[in-house]
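Just below is one structure, and these are the notes that go with it.
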Amino acid sequence: MNRGEVYRFHYLWGHEAARGEESGRKIRRVCLMMEVNGWLYLFPISGQVPQPREPGEQRIYEVVPETEQRRIGLGSEKVSHLILDDYNRVRTDELYDFESLMPTGAFSARFLEKVAKRFMDAMRERRPIAGLTRR
0 MNRGEVYRFH
10 YLWGHEAARG
20 EESGRKIRRV
30 CLMMEVNGWL
40 YLFPISGQVP
50 QPREPGEQRI
60 YEVVPETEQR
70 RIGLGSEKVS
80 HLILDDYNRV
90 RTDELYDFES
100 LMPTGAFSAR
110 FLEKVAKRFM
120 DAMRERRPIA
130 GLTRR
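Numbering-wise (numbering that gives the first Met the number 0), the sequence shown opens with residue 0 and increments by one.
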């Protein structure tokens, strides 16, 4: 598994976990953004524009350009969003929630650089990020 690859995964949103849910409701595409000390950090891709969790909040996401959508196996008829303020963290030896370990595609290095900068800016600004560890 490599950085920038996109997989189909039972993604558990932060707001679902806050309600006590333990498993993702549906399989969705996620991007492997990084691996750190045996942990994979997976960020979801959604066809929906992320809605604020609280009034006035601005969500952190990047619109996926058409060329990138094709690279990851999505059609270009619908806009996709790579969500950067919600992620799942899974151990490399506990990959149960993946539909398959074969990627559907991968984002380009250029797009990943743009996304990484956006994420690091949000971290520096101490923006809220709903990361959760899956077990």
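Ideal Cβ positions, reconstructed from N, Cα and C, are used throughout, including at glycine.
Go to residue i, then tell me how far its beta strand (DSSP E) extends in each direction, as first and last residue.
i      : result
Leu111 : Unbroken run through Leu111 is the alpha helix (DSSP H), Ala108 to Arg123; no beta strand (DSSP E).
Gly130 : Ala129 to Thr132
Glu61  : Tyr60 to Val63
Ile71  : Careful: Ile71 lies outside any beta strand (DSSP E) and carries neither H nor E.
Nearest-angstrom Cα distance between residue i and residue j?
i      : j      : result
Asp31  : Tyr10  : In the sequence under discussion, the amino acid at residue 31 is Leu, which differs from the Asp named in the question. The alpha-carbon atoms of Leu31 and Tyr10 are separated by roughly 12 Å.
Leu131 : Gly13  : 7 Å
Val63  : Gly19  : 30 Å
Ala121 : Ile44  : 18 Å
Ile128 : Asp84  : 4 Å
Arg52  : Ala17  : 12 Å
Lys113 : Arg134 : 30 Å
Asn87  : Tyr40  : 6 Å
Enumerate in chain order the residues of its own chain whose CB-to-CB distance from residue i is below 6 Å, with the five nearest sequence positions on each side excluded.
i      : result
Phe110 : Glu67
Gly72  : Thr103 and Gly104
Asp96  : Phe8 and His9
Which partner residues does residue i have in the DSSP bridge list?
i     : result
Trp38 : Val35 and Arg90
Pro43 : Val29
Over the uninterrupted alpha helix (DSSP H) stretch that includes residue i, give me the two end residues.
i     : result
Glu4  : Unbroken run through Glu4 is the beta strand (DSSP E), Glu4 to His9; no alpha helix (DSSP H).
Glu53 : Taken as a continuous stretch (DSSP letters only), Glu53 belongs to no alpha helix (DSSP H), as it is neither H nor E.
Gly13 : Gly13 to Ala17
Report all residues from its chain with a CB closer than 7 Å to the CB of residue i; omit the five preceding and five following residues, and keep chain order.
i     : result
Arg90 : Gly37 and Trp38
Residues in its own chain within less than 8 Å of residue i by CB, not counting five upstream and five downstream?
i      : result
Leu100 : Met0, Tyr6 and Leu94
Ile82  : Phe42, Pro43, Ile44, Ser45, Pro49, Arg58, Ile59 and Tyr60
Given 8 Å as the limit, is there contact between the segment 37 to 57 and the segment 78 to 85, that is, 3 or more CB pairs closer than that?
Contact holds: three or more Cβ-Cβ distances are below 8 Å.
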